[in-house]
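This report refers to the structure that appears directly beneath it.
Protein chains: 2
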Amino acid sequence: MAQAAILGAGYMGSALSFPLADNGVQVRLWGTWLDDDVIDASKSGVHPKLQHPLPEAVRLFHSEELEEAVKGADFCVVAVTSEGFVPVLQRLLEVLPNPCPLFTVTKGFVRQEGIVVRVSEAAHMLFEKRFSGSHLHWGSIGGPVKAVELSQRVPSATVFAHNFPAIRRLIRLFPTGYYRVETTRDIAGVEICSAFKNIYSIALGIHDGLYSDIPDRLFHNFKSLLFNQSVREMAVVVGAAGGKTQTVFDLAGVGDLHVTSSSGRNRRFGEYIGRGLGAREAREHMNREGEVAEGYHTLELGLSYLRRCGKDICAELPLFHMLHRIIIEESELREEIERFLTVYMDR
Amino acid sequence: MAQAAILGAGYMGSALSFPLADNGVQVRLWGTWLDDDVIDASKSGVHPKLQHPLPEAVRLFHSEELEEAVKGADFCVVAVTSEGFVPVLQRLLEVLPNPCPLFTVTKGFVRQEGIVVRVSEAAHMLFEKRFSGSHLHWGSIGGPVKAVELSQRVPSATVFAHNFPAIRRLIRLFPTGYYRVETTRDIAGVEICSAFKNIYSIALGIHDGLYSDIPDRLFHNFKSLLFNQSVREMAVVVGAAGGKTQTVFDLAGVGDLHVTSSSGRNRRFGEYIGRGLGAREAREHMNREGEVAEGYHTLELGLSYLRRCGKDICAELPLFHMLHRIIIEESELREEIERFLTVYMDR
Chain A
929 MAQAAILGAG
939 YMGSALSFPL
949 ADNGVQVRLW
959 GTWLDDDVID
969 ASKSGVHPKL
979 QHPLPEAVRL
989 FHSEELEEAV
999 KGADFCVVAV
1009 TSEGFVPVLQ
1019 RLLEVLPNPC
1029 PLFTVTKGFV
1039 RQEGIVVRVS
1049 EAAHMLFEKR
1059 FSGSHLHWGS
1069 IGGPVKAVEL
1079 SQRVPSATVF
1089 AHNFPAIRRL
1099 IRLFPTGYYR
1109 VETTRDIAGV
1119 EICSAFKNIY
1129 SIALGIHDGL
1139 YSDIPDRLFH
1149 NFKSLLFNQS
1159 VREMAVVVGA
1169 AGGKTQTVFD
1179 LAGVGDLHVT
1189 SSSGRNRRFG
1199 EYIGRGLGAR
1209 EAREHMNREG
1219 EVAEGYHTLE
1229 LGLSYLRRCG
1239 KDICAELPLF
1249 HMLHRIIIEE
1259 SELREEIERF
1269 LTVYMDR
Chain B
929 MAQAAILGAG
939 YMGSALSFPL
949 ADNGVQVRLW
959 GTWLDDDVID
969 ASKSGVHPKL
979 QHPLPEAVRL
989 FHSEELEEAV
999 KGADFCVVAV
1009 TSEGFVPVLQ
1019 RLLEVLPNPC
1029 PLFTVTKGFV
1039 RQEGIVVRVS
1049 EAAHMLFEKR
1059 FSGSHLHWGS
1069 IGGPVKAVEL
1079 SQRVPSATVF
1089 AHNFPAIRRL
1099 IRLFPTGYYR
1109 VETTRDIAGV
1119 EICSAFKNIY
1129 SIALGIHDGL
1139 YSDIPDRLFH
1149 NFKSLLFNQS
1159 VREMAVVVGA
1169 AGGKTQTVFD
1179 LAGVGDLHVT
1189 SSSGRNRRFG
1199 EYIGRGLGAR
1209 EAREHMNREG
1219 EVAEGYHTLE
1229 LGLSYLRRCG
1239 KDICAELPLF
1249 HMLHRIIIEE
1259 SELREEIERF
1269 LTVYMDR
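Keeping their order, the protein sequence lines are chains A and B. Remember, our numbering sits 928 above the position in the first sequence when you count from 1. Remember, our numbering sits 928 above the position in the second sequence when you count from 1.
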């Protein structure tokens, strides 16, 4: 029977245990040093984020039990925030005796060796140091899947971007009657969509926060314009990064932006801003709720990444820049929207 | 000063008078034989659908005043339902002394000479009979624009598909600071997106009708899966019809599906079905409200059109077929959703 180790007991790591367990995979769920309470609560019955029990067969491990959790695993799934990705991967690589295929649901960018890179790039750099000369078998998981719904077995579709045909054998352990898994080789495309859809979902949250008091919420045209512009800008970034624009127009881009802009933490972060909180206050507000809007960090590091893409694409990303100014530079919200619209309507 | 005649005083015809009037175009708005009450009400102050006054400079014409309404117009905009398109165009062509550029916001298919054709194809057939040997200068208007919001000058973006460069001079009369107008030569793509997004918005309405009682509305994954599948299927149809798939991934497809699935008549028609009304009852319910869900007619005629495309694309359109069975064949809703999901999850 296949053995999987999931690293990170937050929403998505925990939710992935459902399709795997339903397929008879033996799942070990390891909590980071931030997750010890989650593991304790899950052991006594209910996962505190998903708010219901995990599948019975899932074995739970505290942060100090990493080595035991991954021992003999056929593959690992890294499911932590982008801020936790490097430290967790480093600890994983320390305890792994041999190369092991890795999947991740972590989205966004990290700093590594002084530059801003995608998580898969960071993983390759760290893996090379540990297992020099070996190939890292890698899968980036994207697509429109809210973790809570996956754990309730709501019909969902996902896309796995992988780098070696051999890993498809492992990918076949994930699909179920409620979880469709598609595959692609476009890792850059899936990663960038997964990261940037968080950024653009903030824009759609801002929109709804700003205009939700208008009778009949009559701003659908503007919202759809923003949705469409988000898709366009993701296609520009994916193209510049060497990915395939078709990836943007499918589950990883359009689909994931749809679900992420409909609900969730990034959208809520935007709504707080639209309702009048400054970006800093909105972050503090979410911190107090124990939540992180990943899009914030992606926005913070994304500009460096875009510059590293080495092409002059910034003029094609007016919405990205609007968000950067509002959220990172803390410029005035309505002025920035006007500025965006002036550019958008005139070009 | 440019003169425009808009034929049809419903939502979109009336709304288009706003950007045109704001640009100083002299607009004549003609109501069909179904619109006489709308014209009367608008003359006394408030447009009954848009629920506020039209721009002051707009001149209003009753159904019997068609000849006067179009006299000397630089172009006409046909803005009637797909069922009204052929009769209105026939009457227009009878009273036009010379060929005149035509735009339309009418979406969907019509029967003409025994076959199901797109509205632009029907227009060319009728135009050729009246002005044999002349070229019809044509523009199909698509994109994510709700009429009521356009009339309130909410920021909006649209796409005009045209067949002759000469018509761009007229298209430049439409854009304003709140109404971005893009252009393409892909008439088939824009027309098919405009028609099929109505069909697929019914699916998203059905989804929300079915699951709106679930606590926290936890079916975003399924909804995004349906949204994504809708985009995919539109790309299949556009490709088979000789259009460009890129058209689907932009304002005409993704953008318009977003706005149409968020609000409006097709979505509402689907919601009624999701909440338990049969397709026939849902139609009657909307008729009593004085509203038409255009997607119904598109679904009814669309299958003939798809078969006429001459390619075996039906296997690639499981969502279209689910909707056809539920709405036209009146099959059982939940069984059809299960059937769709079985196909979707397995393929």
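Idealized CB from N, CA, C, for every residue including glycine.
Practice item. Could you tell me which chain A residues have their CB closer than 9 Å to the CB of residue 1074/B, listed as they occur along the chain? Key: Within 9 Å Cβ-Cβ: 1146, 1148, 1149, 1152.
Check your understanding: Taking 8 Å as the CB-CB limit, is residue 1179/B close to chain A?
Key -> Nearest CB-CB separation between residue 1179/B and chain A: below the 8 Å threshold.
Point to revise | Near-chain B residues of the segment 962-983 of chain A (beta-carbon distance less than 7 Å), N- to C-terminal order | key: Legend: CB atoms of the segment 962-983 of chain A lying less than 7 Å from CB atoms of chain B are not found in any residue.
Review point. How far does the beta strand (DSSP E) with residue 1084/B in it reach, from first residue to last?
Key: First-last of the beta strand (DSSP E) with residue 1084/B: 1084-1090.
**Study point:** residue 1245/A: contacting residues in chain B (beta-carbon distance under 7 Å)
**Key:** Contact note: residue 1245/A does not reach chain B at a C-beta cutoff of 7 Å; the least C-beta distance is about 16 Å.
Point to revise | For residue 1008/A, the first and last residue of its enclosing beta strand (DSSP E) | key: First-last for residue 1008/A: undefined, no H or E at that position.
Practice item. Use the C-beta contact count for residue 981/B: other C-beta atoms within 10 angstroms, 16 or more gives buried, fewer gives exposed. Key: Counting the other Cβ atoms within 10 Å of the Cβ of residue 981/B gives fewer than 16, which makes it exposed.
Check your understanding: For residue 1273/A and chain B, any beta-carbon pair shorter than 8 Å?
Key -> Closer than 8 Å to some Cβ of chain B, the Cβ of residue 1273/A qualifies, so yes.
Check your understanding: Of the residues that make up the segment 1103-1122 of chain B, which ones have a beta carbon closer than 9 Å to any beta carbon in chain A?
Key -> Of all residues in the segment 1103-1122 of chain B, only 1103, 1104, 1105, 1106, 1107, 1108 come within less than 9 Å of chain A when Cβ atoms are compared, listed by chain position.
Practice item. Can you check DSSP and say which residues form a bridge with residue 1032/A? Key: Residue 1032/A is bridged to 1006/A, 1068/A.
Review point. Are any of the Cβ atoms in chain A nearer than 8 Å to that of residue 1085/B?
Key: Residue 1085/B counts as touching chain A.
Point to revise | Under 8 Å from the C-beta of residue 1279/A: neighbouring residues of chain B | key: Chain A is shown from 929 up to 1275; residue 1279/A falls before or after that span and cannot be answered.
Check your understanding: How would you label residue 1092/B, buried or exposed, when you count the other beta carbons within 10 angstroms and need 16 or more for buried?
Key -> It counts as exposed.
Practice item. Note down, one range per segment and in chain order, each beta strand (DSSP E) of at least 3 residues found wholly within the segment 1160-1189 of chain A. Key: As far as the segment 1160-1189 of chain A is concerned, it has no whole beta strand (DSSP E) run of at least 3 residues.
Review point. Do residue 1013/B and the ligand SAM come close, with the Cβ less than 7 Å from some heavy atom?
Key: Absence of the ligand SAM from the depicted structure is noted, as is the absence of any ligand whatsoever, leaving it without description.
Point to revise | Close beta carbons around residue 929/B, own chain, < 8 Å, minus the five adjacent residues each side | key: Correct list, in chain order: 952, 953, 954.
Check your understanding: Do you know how far the Cα of residue 1205/B is from the Cα of residue 1274/B?
Key -> If you take the alpha carbons of residue 1274/B and residue 1205/B, they lie about 30 Å apart.
Exercise for review: Excluding the 5 residues preceding and the 5 following residue 1197/B in the sequence, name in chain order all residues of the same chain whose CB lies nearer than 8 Å to its CB.
Suggested key: The answer, listed in chain order, is 1130, 1133, 1210, 1211, 1214, 1221, 1223, 1224.
Practice item. Leaving aside the five residues before and after residue 976/B along the sequence, list all residues of the same chain whose C-beta is less than 7 Å from its C-beta, in chain order. Key: Excluding sequence neighbours, residue 976/B sits near 966, 969.
Point to revise | Spatial distance of residue 1044/A from residue 1037/A (CA atoms) | key: Between residue 1044/A and residue 1037/A, the C-alpha separation is close to 6 Å.
**Study point:** Proximal residues of chain A, C-beta to C-beta of residue 1126/B below 9 Å
**Key:** Near residue 1126/B there are no residues of chain A at all, since even the closest Cβ is about 15 Å away, more than 9 Å.
Practice item. Within the same chain, show all residues whose beta-carbon is closer than 7 Å to that of residue 1180/B, passing over the 5 residues directly before and after it, in chain order. Key: Apart from the 5 residues on each side of it in sequence, residue 1180/B sits with its Cβ closer than 7 Å to the Cβ of 1070, 1071, 1087, 1117, 1118, 1121, 1122 in its chain, given in chain order.
**Study point:** Beta-carbon proximity of residue 1241/B to residue 1247/B, cut-off 8 Å
**Key:** Contact: no.
Check your understanding: Any idea if residue 1238/A is buried or exposed, counting beta-carbon neighbours within 10 angstroms, 16 or more meaning buried?
Key -> With fewer than 16 other CB atoms across the displayed protein chains lying within 10 angstroms of its CB, residue 1238/A is exposed.
Check your understanding: For residue 1227/A versus residue 1127/A, is the C-beta spacing smaller than 8 Å?
Key -> Cβ atoms of residue 1227/A and residue 1127/A: closer than 8 Å.
Review point. Are the segment 1146-1156 of chain B and the segment 1148-1166 of chain A in contact at 8 Å, needing three or more beta carbon pairs?
Key: Judged by Cβ distances under 8 Å, the segment 1146-1156 of chain B makes no contact with the segment 1148-1166 of chain A, as fewer than three pairs qualify.
**Study point:** Beta-carbon spacing of residue 1074/A, residue 1194/B below 8 Å
**Key:** Cβ distance not < 8 Å, so residue 1074/A and residue 1194/B don't count as in contact.
Check your understanding: Grouping DSSP H, G and I as helix and E and B as strand, with all else coil, what is residue 985/B?
Key -> Three-state DSSP puts residue 985/B in coil, outside helix and strand.
Review point. So what's residue 1100/B in DSSP terms, helix, strand or just coil?
Key: In the structure shown, residue 1100/B sits in coil (DSSP, three-state: anything other than H, G, I, E or B).
**Study point:** DSSP three-state assignment for residue 1107/A, whether helix, strand or coil
**Key:** It is a strand residue.
Check your understanding: residue 933/B by DSSP, collapsed to three states: which one?
Key -> If DSSP states are grouped into helix, strand and coil, residue 933/B belongs with the strands.
Check your understanding: Using the C-alpha atoms, what's the distance from residue 1183/A back to residue 1007/A?
Key -> The alpha-carbon atoms of residue 1007/A and residue 1183/A are separated by roughly 20 Å.
Check your understanding: Curious, which full-length alpha helix (DSSP H) runs of at least 4 residues does the segment 1196-1231 of chain B contain?
Key -> Segments of the alpha helix (DSSP H) lying fully in the segment 1196-1231 of chain B: 1207-1216.
Check your understanding: Helix, strand or coil: which one does DSSP assign to residue 1043/A?
Key -> Reduced to three states, the DSSP call for residue 1043/A is strand.
Review point. Given residue 1167/B, which residues of its chain have a CB within under 7 Å of its CB, disregarding the five upstream and five downstream residues?
Key: Same-chain partners within the cutoff: 1173.
Exercise for review: Flag residue 1101/B as yes if its beta-carbon sits less than 8 Å from any beta-carbon of chain A, otherwise no.
Suggested key: No - not a single Cβ of chain A is within 8 Å of the one on residue 1101/B.
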